[in-house]
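First up is the structure itself, then whatever we jot down about it.
Numbering (this note's numbering), first residue to last: 27 to 360.
The following block contains the structure:
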């Protein structure tokens, strides 16, 4: 995020490079940087003749280079943005000759999503020397909550830890989808608001009481009644609560509990740091560790591996998801 801010500051102050090669697994920042260049390098009047958007599936490297070598009309620069440039992956190394001597008056932006170029080859080294290579890496699930807070802070919003967790559970680590939902909430809620679980439930449709994180909490507390209620809800709404996601989250939770049992320093700060969790949730883990001794945790992990396979139809053909979840809950809690 800091690197993106620095890139934006450089572009705004006209410290421009002839090539921006934007690559990586997370498309959100690739789009953000590309859109920022598209909106800020040229004036509105200059864009008509000097800004071009191409698509990798429709052009060749030769086409891109041919356009890049043109001179701008009544402007200092022309901007060429190549979207879906990953469609040119088989021939992308041919760009190296242009990268060695790029047209100074052209800003070429390559949006190379979901992939990276080989860093050992000449193209990467040349692009790094002559332009900007930005790699947008996928965030881990435990990093997304902090990303949400950092996105909201400049806009004068905060978010409750549970609300953040609800978004991550429902939308995964897809930053574009999360950002879209945050934008909707900012339209509805006034500045200065702390986004709460109720806001998420009312405006996005994610249940604040019946979700995987509440199931995890209920299991950790030994609250069989609440855990059973959530499992029944999941059984009645299988499309919104796929079992494979539930099993994966519980597997991660009990794996963390196993790690927690092996720690010497179980102070809240050290637990949060070691398990890479929000300090808000530390007590949840400590309570669960008390209720599930190390031997039981190991047994639960083995059970979750078994049900992960079953949830994918192996050894449990045509068994309803709800029945599998109920059986899993009984095995965990006894």
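Just so you know, even glycine gets a beta-carbon here, dropped at the ideal spot from N, CA and C.
Assigned secondary structure, residue i (DSSP; H/G/I helix, E/B strand, else coil)
i: residue 240; result: helix
i: residue 161; result: strand
i: residue 140; result: coil
i: residue 304; result: coil
i: residue 198; result: coil
i: residue 347; result: helix
i: residue 294; result: helix
i: residue 325; result: helix
i: residue 156; result: helix
i: residue 334; result: helix
i: residue 166; result: coil
i: residue 127; result: coil
i: residue 97; result: coil
i: residue 30; result: helix
i: residue 313; result: helix
i: residue 233; result: coil
i: residue 380; result: The requested residue 380 does not occur in the structure, where the chain is confined to residues 27 to 360.
i: residue 115; result: coil
i: residue 86; result: coil
i: residue 147; result: coil
i: residue 192; result: helix
i: residue 216; result: coil
i: residue 180; result: helix
i: residue 318; result: coil
Sub-8 Å separation of residue i and residue j beta-carbons
i: residue 135; j: residue 60; result: yes
i: residue 173; j: residue 215; result: no
i: residue 166; j: residue 131; result: no
i: residue 361; j: residue 66; result: The structure shown does not extend to residue 361, since the chain spans only 27 to 360, so no value can be given for it.
i: residue 109; j: residue 82; result: yes
i: residue 119; j: residue 149; result: yes
i: residue 333; j: residue 354; result: yes
i: residue 186; j: residue 222; result: yes
i: residue 352; j: residue 257; result: yes
i: residue 30; j: residue 64; result: no
i: residue 383; j: residue 137; result: Nothing about residue 383 can be read from this structure; the chain reaches only from 27 to 360.
i: residue 363; j: residue 156; result: Residue numbering for the chain in the displayed model covers 27 to 360; residue 363 lies beyond these limits and cannot be assessed.
i: residue 127; j: residue 184; result: no
i: residue 335; j: residue 284; result: no
i: residue 79; j: residue 56; result: no
i: residue 141; j: residue 169; result: no
i: residue 190; j: residue 218; result: no
i: residue 87; j: residue 114; result: yes
i: residue 94; j: residue 124; result: yes
i: residue 72; j: residue 164; result: no
i: residue 245; j: residue 359; result: yes
i: residue 412; j: residue 160; result: The requested residue 412 does not occur in the structure, where the chain is confined to residues 27 to 360.
i: residue 243; j: residue 310; result: yes
i: residue 329; j: residue 247; result: no
i: residue 253; j: residue 286; result: no
Counterpart residues of residue i in DSSP-defined beta bridges
i: residue 362; result: Because the chain spans 27 through 360 in this model, residue 362 falls outside it and cannot be assessed.
i: residue 185; result: 221
In chain order, each beta strand (DSSP E) run of at least 3 residues that lies wholly inside the region 34-76: 45-50
Examine the Cβ distances between the region 261-273 and the region 312-324 and report whether three or more of them are shorter than 8 Å. Output reads no: the region 312-324 does not touch the region 261-273.
Sufficient close CB pairs (3 or more, under 8 Å) joining the region 230-238 to the region 296-313: no
Check whether the region 202-214 and the region 173-182 touch, using three or more Cβ-Cβ pairs below 8 Å as the test. yes
Write down every uninterrupted run of the alpha helix (DSSP H) in the region 247-277 whose length is 4 residues or greater and which is fully enclosed by it, in chain order. 250-262
At least 3 beta-carbon pairs within less than 8 Å: the region 291-302 vs the region 221-231: Per the Cβ contact rule, the region 291-302 is not in contact with the region 221-231 (fewer than 3 Cβ pairs under 8 Å).
Does the region 258-265 touch the region 280-296, meaning 3 or more C-beta pairs lie closer than 8 Å? Not touching, per the Cβ criterion.
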